[in-house]
Amino acid sequence: MKKFFQEFKEFISRGNVMDLAVGVIIGSAFTGVVTALTDSIIKPLLNCIGGAEIQGKIHLLGDNYLDYGAFLSAVVNFLIMALIIFCMVKGLNKLSDAVKHATHEKEAQAAPTTKVCPYCK
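Residue numbers (our numbering): 216 to 336.
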């Protein structure tokens, strides 16, 4: 049992697991922000432009209904999240490429361009 907890402690203290945990927590908080943005700002703007409210329902038999407004809201939330994540990844890729390029230039400058011939003295 002690070995199990030791292995679990090592697993949890790895950098990847901690990074994943932080990412999940920040992602869940960010989801709330995007949902609030969609519900409070984007949906009212779409309602003004379209003239109809997105929060619609189609009644079926009895108390059953299709809530297409909630579905459209979820689609808008997803598209906003996907756009933001795309922009973040694109920015990180540009930054990574710039760092690699700068490192490559420094290595190229540091490397000698001429070599002393071992046969010449």
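Cβ coordinates follow ideal geometry from the N, Cα and C atoms, glycine included.
Keep in mind it's a predicted model, so treat the numbers as computed, not measured.
{"Query": "So S288 packs on K258, CB below 8 angstroms; how close in whole Å?", "Result": "7 angstroms"}
{"Query": "Could you tell me whether the region 276-283 touches the region 232-252, where touching means 3 or more Cβ pairs closer than 8 angstroms?", "Result": "no"}
{"Query": "Run through DSSP, which three-state label would Y283 get?", "Result": "helix"}
{"Query": "Apply the 10 Å Cβ neighbour rule to V232 and answer buried if 16 or more other Cβ atoms are within range, or exposed otherwise.", "Result": "exposed"}
{"Query": "For K217, report the span of its alpha helix (DSSP H) as first-last.", "Result": "217-228"}
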